[in-house]
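Below is one structure; the comments refer to it alone.
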Amino acid sequence: MGDSQNLLAEQRRALILDEVRRRGGVRVNELTRRLNVSDMTVRRDLDALARQGVVEKVHGGAVPVPEATAHEPGFEAKSALELRAKEEIARAAVAMAAPGSAIALAGGTTVYALAQRLVGVPDLTVVTNSVRVAEVFHNARRPVGGSPSAARPGAATVVLTGGVRTPSDTLVGPVADAAIRSLHFDVLFIGVHGISAQAGLSTPNLAEAETNRHFVRAARRVVVLADHTKWGTVGLSSFASLAEVDALVTDSGLSPDARAEMAELLPRLVVAEEEAKAEGP
1 MGDSQNLLAE QRRALILDEV RRRGGVRVNE LTRRLNVSDM TVRRDLDALA RQGVVEKVHG
61 GAVPVPEATA HEPGFEAKSA LELRAKEEIA RAAVAMAAPG SAIALAGGTT VYALAQRLVG
121 VPDLTVVTNS VRVAEVFHNA RRPVGGSPSA ARPGAATVVL TGGVRTPSDT LVGPVADAAI
181 RSLHFDVLFI GVHGISAQAG LSTPNLAEAE TNRHFVRAAR RVVVLADHTK WGTVGLSSFA
241 SLAEVDALVT DSGLSPDARA EMAELLPRLV VAEEEAKAEG P
């Protein structure tokens with residue numbers, strides 16, 4: 001893990017969770033040495049991860065919690081996971097949003113990371129069912145000419161669908177579905193709970209799956225944002241096959257076998273960190 005003394009708590013916990021999942025369990029004394037923090041700090045981190053439901057504390061350490069297909073973590077719990085991967089994915093994906101285009105942003109923490117970069121793309125029309133994503137664009141608006149109601153030039157026009165709020169702070173259900181059905185997007189950016197060759201894109205929330213289906217049908221291009229931990233995970237309900245996906249943006253943690261399979265099944269596979277290195281400074 002390297003020297004993690006100066007990491008933020010959420011970054012440190014993401015590293016711990018990755019270690020738990022990779023090794024099948026960790027011990028407190030190992031983490032204190034690897035992270036260069038106190039025993040008390042590690043125990044607080046494990047307590048926080050246990051409250052999120054992603055690890056189970058055992059004597060002297062922690063083990064992973066098997067994730068049920070119908071379990072849906074909340075937004076805050078998912079926000080702490082794979083932080084670096086999400087930032088790299090967002091950095092690669094922002095180039096796929098052309099100035100002046102109409103885009104859709106479905107819910108999820110990776111799409112949320114992308115939204116923070118999209119505020120710099122001028123004249124976008126953004127449709128989203130994510131309360132958190134809408135807040136990103138709202139907070140980025142700057143008054144001009146002293147008028148509180150005026151937005152900065154080039155600021156995105158944002159449409160937030162109605163609907164019923166899920167644990168991941170997305171709006172789903174008949175109201176959201178009706179709004180999305182009447183629209184057309186140049187590109188849809190969508191995160192997933194799981195992605196696999198057999199099940200395609202999936203989520204544990206049935207209503208969210210239906211809303212996502214409408215997003216996919218309304219988009220000219222579908223770009224999936226998914227870090228390597230999503231590969232092979234299957235949620236309760238599939239909402240799109242891989243044949244409906246135009247591009248997958250992921251991180252370098254994706255295994256060689258998975259990359260080979262994805263490259264065969266998808267028109268475009270983008271491995272974020274590696275593409276950035278290839279492009280140079």
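Sequential numbering of the sequence shown, starting at 1, is according to UniProt numbering. Every residue, glycine too, gets a C-beta built ideally from N, C-alpha and C.
| Taking C-beta to C-beta, are residue 120 and residue 94 nearer than 9 Å? | yes
| field | residue 92 and residue 105 closer than 9 Å at C-beta | value | no
| task | Examine the Cβ distances between the stretch 199-219 and the stretch 250-266 and report whether three or more of them are shorter than 8 Å. | result | no
| message | Could you check whether the stretch 178-186 touches the stretch 199-206, counting it as contact only if at least three pairs of C-beta atoms, one from each stretch, sit closer than 8 Å? | response | no
| Would you call the CB atoms of residue 225 and residue 249 closer than 9 Å? | yes
| Can the beta-carbon of residue 127 be found closer than 9 Å to that of residue 165? | no
| message | When you compare the CB positions of residue 125 and residue 159, do they come within less than 9 Å of one another, or not? | response | yes
| Who are the near neighbours of residue 21 in its chain, counting only those whose CB is closer than 6 Å to its CB and skipping five residues on each side? | 64
| Should residue 12 go down as buried or exposed, given a rule of 16 or more other Cβ atoms within 10 Å for buried? | buried
| So residue 195 packs on residue 230, CB below 8 Å; how close in whole Å? | 5 Å
| query | When the Cα atoms are used, what is the spatial distance from residue 62 to residue 54? | reply | 10 Å
| said: Per DSSP, what are the beta-bridge partners of residue 127 in this structure? | reply: 104, 159
| Thinking C-beta only, is residue 26 closer than 9 Å to residue 43? | no
| request: Determine the extent of the alpha helix (DSSP H) in which residue 12 is found, giving its start and end residues. | output: 9-23
| field | Sequence-distant residues of the same chain with beta carbon closer than 7 Å to residue 32, five excluded per side | value | 38, 39, 42
| task | Would you kindly report the start and end of the unbroken beta strand (DSSP E) that includes residue 57? | result | 55-58
| message | Would residue 85 and residue 251 qualify as a contact pair, given that the criterion is a beta-carbon distance under 9 Å? | response | yes
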